[in-house]
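Q:
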Amino acid sequence: MTAKTPAELSDSAAESVRSLNHATLQQSSNGWQYPGDAYSVVGNLAHMAGMLPQAIGQLESLIGSLEDGGNLRSDQGPEDLPGRLIEFHGAIADAIGQAHALQRALDRAHQALGAIAYEE
C-alpha cells in the first residue's frame with residue numbers, strides 16, 4: 008500500500024468533515040439522536056482542532072525551508088515574493104491562534120455536555 012501524500016490526507020480530512028456535516032443535518036436513529044452522540048462528536052472535533060496547530064506549523068516549516076534554500080519564486084515577479092511570504096507567515100500565525108481558540112471552545116462545549124442526558 009502506498010502512503011498518502013499530505014495533500015491527499017488533507018483532502019480526506021476535508022471530505023470527512025463534509026460527510027459529518029451531511030450526517031448531522033437531521034436528527035435520526037443512526038447515531039445522532041442523543042446528547043451522548045453530540046458529546047462524542049464535540050470531543051472528537053476538539054481533539055482534531057488540537058492537532059491542527061502542529062499540521063499548520065509544519066506547513067510553515069516546509070515553506071520556510073524552501074525559502075531558506077532559495078527555492079521559491081512568485082509568478083508575479085521577484086519583487087512580489089517577499090510580500091507574499093510575509094502575508095503567508097502572518098496568516099499561518101493567525102490560523103494557529105484560531106485553531107487553539109477553536110480547541111478551547113470545543114473543550115468547553117464538551118465539558119458542558121458531559122452532565123446532560125436524554126430524558127423520555
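Numbering (this note's numbering), first residue to last: 8 to 127.
Don't be surprised by glycine CBs; every beta carbon is placed ideally from N, CA and C.
1. Rank Leu120, Glu67, Asn51 by C-alpha distance to the C-alpha of Val24 and give the top, closest one.
2. Looking at Leu109 and Val49, is the spacing between their C-beta atoms short of 8 Å?
3. With a threshold of 6 Å on Cβ separation, who are the neighbours of Gly57 within its own chain once the five nearest residues in sequence on each side are excluded?
4. Quick check on Tyr46: buried or exposed, where buried means 16 or more other Cβ atoms within 10 Å of its Cβ?
5. Using the C-alpha atoms, what's the distance from Asp101 back to Leu93?
6. With a cut-off of 8 Å on the beta carbons, I'd call Ser81 and Leu73 a contact; round off their distance for me.
A: Looking at the coordinates:
1. Asn51
2. Not a contact, by the Cβ cut-off of 8 Å.
3. Gln110
4. Burial call: buried.
5. The sequence given here places Ile at residue 93; Leu does not occur at that position. If you draw a straight line from the Cα of Ile93 to the Cα of Asp101, it is about 12 Å long.
6. Not quite, the Cβ-Cβ distance comes to about 13 Å (not below 8 Å), so this is no contact.
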